[in-house]
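Numbering (the UniProt record's numbering), first residue to last: 1 to 165. Presented below is the structure to which this report refers.
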Amino acid sequence: MKRWYAIYCKPREDERAELHLDHQAFEVFRPKHRVRRKRRGAMTTLIESLFPRYLFIHLDDVSQNWAPIRSTRGVAGMVRWGDHVPPVPEPVIDCLRRNVDEVGCIPTPQADYQKGDRLVIQEGAFAGHQGLFYGRRGEDRVMLLLEVMKQPQTMVFPEASLARG
């Protein structure tokens, strides 16, 4: 019976591991997502692994030879709990595969805030306070302009803790 298993890859070599396992005729799945990063002063969109250093492989747990996997370039080893290699539940993989686009990316929704949009902080020490959208810091953090002690201050908050005001 074929099942999905998780493979742990060497640092920044999950793409290499995926390529080499694919060349060995293994069925491999590495979900990706688009991220915006600053490169040479300009914002660019990159495609990165959704789970850095991990990928999934579909194996027959009885008849298939697993030995070549360990020596594949980029692979550190199978994910284990002691001596046991646990399978990844099929519904987890199905859900991920259903949501990938033609490039293999899972969309990561981002609110389309414009500079000056009024946002309300929903949780944390500043819950209930309002601020103005100032910019983004990374994939999931937002800079807000707040008035603290009658002075404008920029502060960074997780995007998930904000709502439109």
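We put the beta carbon where it would ideally sit given N, CA and C, even for glycine. Small disclaimer: the values here were computed from a predicted structure and weren't measured.
Residue i (DSSP reduced to helix, strand or coil)
i, result
"A111", "coil"
"S63", "coil"
"H58", "strand"
"A6", "strand"
"E90", "helix"
"H23", "helix"
"S49", "strand"
"P68", "helix"
"A42", "strand"
"R36", "strand"
"A76", "strand"
"E123", "coil"
"R12", "coil"
"E102", "coil"
"R30", "coil"
Proximal residues to residue i (C-beta, below 7 Å), its chain only, five neighbours per side dropped
i, result
"H20", "T72, R73 and G74"
"P158", "D140 and R141"
"P152", "L145"
"Y134", "K115, M143, L144, L145 and T154"
"G165", "R118, L119, V120 and Q130"
"P68", "Q24"
"M40", "It should be noted that the sequence gives Arg, not Met, for residue 40. Around R40: no qualifying Cβ."
"R16", "R73 and G74"
Nonlocal neighbours in the same chain, by C-beta distance under 6 Å from residue i, ignoring five residues either side
i, result
"E18", "V28, R30 and L55"
"F26", "I57"
Residue i vs residue j beta-carbon contact at 8 Å
i, j, result
"T44", "R34", "no"
"P107", "Y5", "no"
"A163", "Q122", "yes"
"V58", "K2", "Checking the displayed sequence, the identity of residue 58 turns out to be His instead of Val. For H58 and K2, yes; Cβs fall inside 8 Å."
"R118", "L132", "yes"
"S161", "G124", "yes"
"D14", "R53", "yes"
8 Å CB neighbourhood of residue i in its chain, flanking five on each side removed
i, result
"M149", "none"
Residue i at chain D interface by Cβ criterion, 8 Å
i, result
"G82", "As a matter of chain content, chain D is missing from the structure shown, which is built from one protein chain."
Just checking, does the region 3–10 make contact with the region 74–82 on the three C-beta pairs under 8 Å criterion?
A contact is defined here as three or more CB-CB pairs under 8 Å, and the region 3–10 meets this definition with respect to the region 74–82.
Counting Cβ pairs closer than 8 Å, one from the region 40–54 and one from the region 84–93, do we hit at least three?
Fewer than three pairs of CB atoms, one per stretch, sit closer than 8 Å, so the region 40–54 makes no contact with the region 84–93.
So does the region 123–135 actually touch the region 94–105, counting three or more Cβ pairs closer than 8 Å?
When Cβ pairs closer than 8 Å are counted between the two stretches, the region 123–135 is seen not to touch the region 94–105, the count staying below three.
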